[in-house]
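Only one structure is covered here, and it is reproduced in the block below.
Number of protein chains: 2
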Amino acid sequence: MAVTLRTVAEAAGVSASTASRALHGSPLISAETRAAVERAAQELRYRPNRAARSLRSKRSQLIGLVLNNLVNASFHTIAEVVQRRLADEGYQLILSTTDADPAREEALLLTLADHGVDGIVVIGSGQSASATNGFLEEGVAVVNVIRSSRDSLAPTVLAGDRDGAYEATEHLLSLGHRRVGYIGGLLGADSGRERFRGYSDALRRHGLPVDERLVVQGPFTQRFGAEAVDELLDRRTGMTALLAANHEAVFGILPGLVARGMRIPDDLSLICYEDMPLLQMWQPAVTVVDTGASQLGELAVDLLLGQMRELRAWEKDGRPAGVEQLRKLTRTYRVGAQLVHRGSCAAPSTPSPSERQR
Amino acid sequence: MAVTLRTVAEAAGVSASTASRALHGSPLISAETRAAVERAAQELRYRPNRAARSLRSKRSQLIGLVLNNLVNASFHTIAEVVQRRLADEGYQLILSTTDADPAREEALLLTLADHGVDGIVVIGSGQSASATNGFLEEGVAVVNVIRSSRDSLAPTVLAGDRDGAYEATEHLLSLGHRRVGYIGGLLGADSGRERFRGYSDALRRHGLPVDERLVVQGPFTQRFGAEAVDELLDRRTGMTALLAANHEAVFGILPGLVARGMRIPDDLSLICYEDMPLLQMWQPAVTVVDTGASQLGELAVDLLLGQMRELRAWEKDGRPAGVEQLRKLTRTYRVGAQLVHRGSCAAPSTPSPSERQR
DNA sequence: CTGTTAGCGCATTCAC
DNA sequence: GTGAATGCGCTAACAG
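These protein sequence lines are chains A and B, in that order.
Residues in the first sequence are numbered from 1 upward in steps of one, following my numbering.
Residues in the second sequence are numbered from 1001 upward in steps of one, following my numbering.
Below, the structure is given as structure tokens:
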């Protein structure tokens, strides 16, 4: 704390501004002065005070990351990737969780603004477009991830949910299954809606109707998963395959299936959404739709860094960052889902006579 | 950004200093002025600039959390708990990962200092005592978690590793097992050392020697776990129970056991360290030593907040925060481990004749 | 190329 | 009780 820019400047026998310029690699500095200043800084172990710099230059080297929680594998994977990449670029990450509560999200965004973050990555409710657009207008970079936001001007990185579910369903159908069950999230969530669409599209493509008796949708909880399995099995629909498109529910679905004595893949073929160690190690290992959490995080960071450069350039040009200008940023990116084949899928066994009558 | 304390002051018809005092609940302010200022602040949606406040008052409302990664369940659980608790107290969390690299840890601590954090929670290498002690001397609160640090003056929150391993081993012995295998971390790590000690102590207590053929220690990786299982099984030691005390290795141990056709608990009783969904859902569900990640996080936050109050008080008194003063903080806390009984332990089956001959 | 001058927004002396 | 003055540490005009 004791050694400030001034200390360094005095040690090097120059003024504070010269020292500042030298340390920032300004071109209008003689080689000798620069060397002298750098040496002084080194010797004194000078560390610039970020608060002061932030106050003066409106640049905090802080990036906010807003997400629901860290339990979900996709979320903590993204958090880790984003953190690492940003640290390499000299930014620190302020991480905060919202529990998917829009009110907390809103409050959080304000707090992040208070701290003068240079950018934010939001895995949000999709309801804070006005808040995040406010950031952009203030020159703060914004990237939405996983959940889109209707009126947001910021770029959005989404998973390939429709295609992933389509491909998974298609795979099951191509194995010969005709009664494919679906356990998913509520249609209020992007992922819930898109994955269900992928499922429906694939069925339709094969000339099959969407049988609502084969479909259960509910909240992102383990409990729902357990209930959904019972529900589906109790309905006696002749289901021979299941697409578990609700990640949290998987924790209820897997034990539910075991409890009901379902053998995988003999009695039921299974594909789960979002990969995690549990699914790799399950017996048999579960075929999954990998949504590419790491890639989502990487792309989000790339977009954020690019946007920060862009915003800085605009600012320099003195151009007003009006809405028309900001619209140039508005774009949706997709990280394609990947079907990872493991051991939980097989051709359906010959239906029993009673089933054949359907 | 436009509305500053000055704006509020003018709107309320007072000076900036009065506004500042009013907003901070200073006692020397008339009720009317306070009301007027508060109303103005409300109406103008005034948000204090943290950078300015930090620069002036040496208080950033930022707390640093340093840990290896977010993949490990204990780590991301702690991160989530710490984040939530601190957010409730008005602090934001700067999260950063080190990959257990002491050099990165060192650099990180400096960067956190640059940002003027009010406190740090370190799940570290134990090698940065001088750095963290430096924080304390500057009035920045420090709490070590999970890993102790020889010369650190800061309080440390540790898991009950010796006792947890002791209890687990004791449980296996009390079931009648005499050949209890052990797969653990390297002795360089606190947890590796302590858990092994618990294992040894329990054996000794039962008058059994530590048979090094039953013990494998290695790095915290999935790969090591897989190799360790093969190693142990190839040695044909007559092992009837196994304590898997290396969390990361569990991801290799479980599939390894399946691959070798070991039936749990018939052929082998198993206890794993650090609970996670995978172990709850494994077939059979695995008995574990729960290290209490949430509780570790909670306690760390409690200690951090308490320490911050204390440091502030000392500062006010103008007492020098010398080493003798700081030593009052130095104390080790333990969060007791919890043995969670599930279905992976049973009495050993009657040994085969060949085994009996040993 | 370099030094001088001015704040960024806030909290805290010191006066009254 | 309140206002005026000061400076936290730094960067960015503005002059030379």
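Glycine included, C-beta positions come from ideal geometry on N, C-alpha and C.
Test: B/ILE986 CB closer than 9 Å to a CB of chain A: Within the shown structure, residues of chain B are numbered from 1001 to 1358, placing residue 986 of chain B beyond reach of any answer.
Top-ranked residue by Cα proximity to B/ALA1052, from A/ASP114, A/MET239, A/VAL289 and A/THR77: A/ASP114
Neighbour list for B/ARG1034 in chain A, Cβ cutoff strictly below 7 Å: Residues of chain A passing the Cβ test: none, with the nearest at roughly 22 Å.
Nearest-angstrom Cα separation, counted from B/LEU1311 out to A/VAL8: 30 Å
Residue closest to A/PHE196, alpha-carbon to alpha-carbon, out of A/LEU173, A/VAL180, A/ARG223 and A/ARG162: A/ARG162
Cβ distance (whole Å) where B/GLY1184 is taken to contact B/GLN1217 below 8 Å: 5 Å
Residue-chain proximity (A/LEU62, chain B), Cβ-Cβ < 9 Å: yes
Under 8 Å from the C-beta of B/GLU1080: neighbouring residues of chain A: ASN69, LEU70, VAL71 and THR97
Rounded straight-line distance, which links the Cα of A/ALA131 to that of B/GLU1010: 27 Å
Proximity below 9 Å, CB of A/PRO348 to CB of A/LEU67: no
Outcome for A/ARG50 when other beta-carbon atoms lying within 10 angstroms are tallied against a minimum of 16: buried
Residues from the region 1104-1117 of chain B in contact with chain A, defined by Cβ distance under 9 Å: ARG1104, LEU1108, LEU1110, THR1111, LEU1112, ALA1113, ASP1114, HIS1115 and GLY1116
Residues bridged to B/ALA1241 (per DSSP): B/VAL1180 and B/SER1269
Start-to-end residues for the beta strand (DSSP E) that takes in A/VAL66: 62-67
Selection of the region 1035-1055 of chain B by Cβ proximity to chain A, strictly under 8 Å: ARG1047, PRO1048, ASN1049, ARG1050, ALA1051, ALA1052, SER1054 and LEU1055
Reduced DSSP category for B/ARG1356 - H, G, I as helix; E, B as strand; rest coil: With a pLDDT of 40 at B/ARG1356, under the threshold of 50, the predicted position of this residue should be treated as unreliable, though the coordinate-derived value follows. Looking at B/ARG1356 - three-state DSSP - the assignment turns out to be helix.
Near-chain A residues of the region 1253-1278 of chain B - C-beta to any C-beta below 9 Å: LEU1254, PRO1255, VAL1258, MET1276, PRO1277 and LEU1278
Any chain A beta carbon closer than 9 Å to B/HIS1206: no
Contacts of B/MET1281 in chain A (Cβ-Cβ under 9 Å): PHE251, LEU254, PRO255, VAL258, LEU278 and TRP282
The region 269-277 of chain A / the region 88-95 of chain A touching (three or more Cβ pairs under 8 Å): no
Within-9 Å CB hit, B/ILE1146 to chain A: no
Contacts of A/ALA87 in chain B (Cβ-Cβ under 7 Å): SER1096
Closer than 8 Å at the beta carbon, the chain B residues around A/LEU93: ILE1094, LEU1095 and SER1096
Listed by chain order, chain B residues near A/HIS341 by CB distance under 7 Å: What A/HIS341 touches in chain B: nothing, since even the nearest Cβ is about 17 Å away.
Where A/GLN295 meets chain B, residues with beta-carbon distance less than 9 Å: By Cβ distance, chain B contributes nothing, its closest Cβ being about 16 Å from A/GLN295, past 9 Å.
Residue nearest to A/ARG331 in terms of C-alpha spacing, selected from A/ASN144, A/VAL37 and A/ARG6: A/ASN144
Under 8 Å from the C-beta of A/HIS247: neighbouring residues of chain B: Per Cβ cutoff of 8 Å: no residues; A/HIS247 is ~12 Å from chain B at best.
Cross-strand partners of B/GLN1217 (DSSP beta bridge): B/GLY1184
Runs of alpha helix (DSSP H) wholly within the region 1258-1307 of chain B (minimum 4 residues, chain order): 1277-1281
B/ALA1168 in three-state terms, based on DSSP: helix
Cβ shell of A/LEU296 (< 7 Å), same chain only, five flanking positions each side left out: ILE78, VAL145, ILE146, VAL157, ALA159 and VAL335
Buried or exposed (CB count within 10 angstroms, at least 16 for buried), B/ASP1290: buried
Residue interval of the beta strand (DSSP E) (run including B/ARG1034): Careful: B/ARG1034 lies outside any beta strand (DSSP E), inside the alpha helix (DSSP H) at 1031-1044.
Same chain only: Cβ atoms within 8 Å of B/TYR1333, ignoring 5 sequence neighbours per side: PRO1155, THR1156, VAL1157, LEU1158, LEU1299 and LEU1303
Neighbour flag for B/SER1352 against chain A, beta carbons, 9 Å: Only weak support is given to the placement of B/SER1352: the predicted model assigns it a pLDDT of 48, under 50, and the value that follows is read from those uncertain coordinates. By this cut-off, B/SER1352 is not an interface position.
Chain A contact for B/GLN1083 (CB, 9 Å cutoff): yes
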